[in-house]
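Below you'll find the structure, written out as structure tokens, and then a few comments.
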Amino acid sequence: MNTLSITDPLPHGSEHFDAEAFAAHTLSSPQNLAAVLDHTLLKPEATRNQVLQLCHEAAEHRFACAMVNPTWVSLAAAALQGTGIPVGVVIGFPLGATLSVSKHEETAHMLRHGAHDIDMVLNVGLLKSGQTADYEAIRQEIHGVVELAHAAGAIVKVILETCLLNFEEKLRASELALSAGADFLKTSTGFSTGGATADDIGLLRGVAGTRAGVKASGGIRSLADATTMLRAGASRIGASASVKIVNELAGHTIEPTTSAPGY
Numbered sequence: 002m003n004t005l006s007i008t009d010p011l012p013h014g015s016e017h018f019d020a021e022a023f024a025a026h027t028l029s030s031p032q033n034l035a036a037v038l039d040h041t042l043l044k045p046e047a048t049r050n051q052v053l054q055l056c057h058e059a060a061e062h063r064f065a066c067a068m069v070n071p072t073w074v075s076l077a078a079a080a081l082q083g084t085g086i087p088v089g090v091v092i093g094f095p096l097g098a099t100l101s102v103s104k105h106e107e108t109a110h111m112l113r114h115g116a117h118d119i120d121m122v123l124n125v126g127l128l129k130s131g132q133t134a135d136y137e138a139i140r141q142e143i144h145g146v147v148e149l150a151h152a153a154g155a156i157v158k159v160i161l162e163t164c165l166l167n168f169e170e171k172l173r174a175s176e177l178a179l180s181a182g183a184d185f186l187k188t189s190t191g192f193s194t195g196g197a198t199a200d201d202i203g204l205l206r207g208v209a210g211t212r213a214g215v216k217a218s219g220g221i222r223s224l225a226d227a228t229t230m231l232r233a234g235a236s237r238i239g240a241s242a243s244v245k246i247v248n249e250l251a252g253h254t255i256e257p258t259t260s261a262p263g264y
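Using the working numbering, the first residue of the sequence shown is number 2, and each one after it goes up by one.
Laid out in structure tokens, this is it:
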């Protein structure tokens, strides 16, 4: 397995990702912006009606997906049936410290219940332990989720929880996720000590190049926040304020029905 040491230069993907061009295209219309927004409701007290409202908004605005907790995947899948909008779900959320077998079984169940976007939390404690065997365990855990998802035509975003990692750990986590086949590197759960930053997005994009997408999540609550992340290299954004963000671009000031702190 190819891993990184702190002395390694910042790696780049096989081709350069043109963040400015991507951001310009995405911000050229509310529809284009909506297409990269994961409309998210992950607060623990979210109710059935709030999840249904989230799905209604996701279908109305054509968001990239409706992101919910596992208990609501079946409901969301039924609500979004026929709309073309996929259901996203978080796995091992929010700590990432569950057993690999639990993450794999949870993924399998969620795929059967209709999930398409699988956002799994990396085991941060194993990563920070710094042992070769731990790195391989992380890679195998991610690879197992990826295999299940890809076999079902789904995608995997690996949440690194960058606020808890130093520079070397961010690089290593990114390469482990990519070597395991992840479709996206994702910054944050939105439930830890910090969310997405432009510096971290730039770092993750530098590692990913065009090999994978980069998702910014945590604390993105305005069009200005989203613009900053897109220009830094994000190709997907997770936010509970998605309706507010697209309405800002459209020149409206309508407040979203669904909102949640943190994500």
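Where is the CB? At the ideal position from N, CA and C, for every residue including glycine.
Note that the structure is a prediction, hence the values are computed from the model and not measured.
| query | result |
| --- | --- |
| Look at the alpha carbon of His-68 and the alpha carbon of Leu-81, and state the distance between them as a whole number of angstroms. | In the sequence as displayed, the identity of residue 68 is Met instead of His. Their Cα atoms are separated by approximately 12 Å. |
| Compare the C-alpha of Gly-89 against each of Leu-43, Leu-96, Thr-133, Leu-128 and name the closest. | Leu-43 |
| With H, G and I counted as helix, E and B as strand and the rest as coil, what does DSSP make of Ile-202? | helix |
| What would DSSP say about Gly-207, mapped onto helix, strand or coil? | helix |
| Please state the DSSP three-state secondary structure of Arg-237. | strand |
| Consult DSSP for Asp-135 and reduce its assignment to one of helix, strand or coil. | helix |
| Any contact of the segment 189-202 with the segment 149-159, i.e. 3+ C-beta pairs under 8 Å? | no |
| Measure the CB-CB distance between Gly-97 and Leu-76 and report whether it falls below 9 Å. | no |
| Using 9 Å as the threshold, is the C-beta distance between Ala-178 and Ala-213 below it? | yes |
| Reducing DSSP to helix, strand and coil, say where His-253 ends up. | coil |
| Which class does Gly-263 belong to by DSSP, given the choice of helix, strand or coil? | Below a pLDDT of 50, predicted positions are generally treated as unreliable, and Gly-263, at 42, falls in that range; no measurement from the model is reported. |
| Within this structure, are the beta carbons of Gly-191 and Gly-220 separated by less than 9 Å? | yes |
| Starting from the Cα of Ala-59, find the closest Cα among His-151, Val-74, Gln-141, Leu-38 and give me that residue. | Leu-38 |
| Pull up the distance between the alpha-carbon of Gly-85 and that of Val-247, whole angstroms please. | 19 Å |
| State the CB to CB distance for the pair Lys-171 and Leu-204, rounded to an integer number of angstroms; the pair is presumed to be in contact (CB under 8 Å). | 6 Å |
| Mapping DSSP to helix, strand and coil, what is Val-102? | helix |
| For the beta strand (DSSP E) containing Ala-155, name the first residue and the last one. | No beta strand (DSSP E) holds Ala-155; DSSP gives it neither H nor E. |
| Within the segment 47-77, note down every full alpha helix (DSSP H) run reaching 4 residues or more, in order along the chain. | 49-62 |
| Nearest by alpha-carbon distance to Phe-18: which of Thr-211, Val-91, Leu-112, Ala-242 is it? | Thr-211 |
| Under the rule that 16 or more other beta-carbon atoms within 10 Å means buried, what is Gly-93, buried or exposed? | buried |
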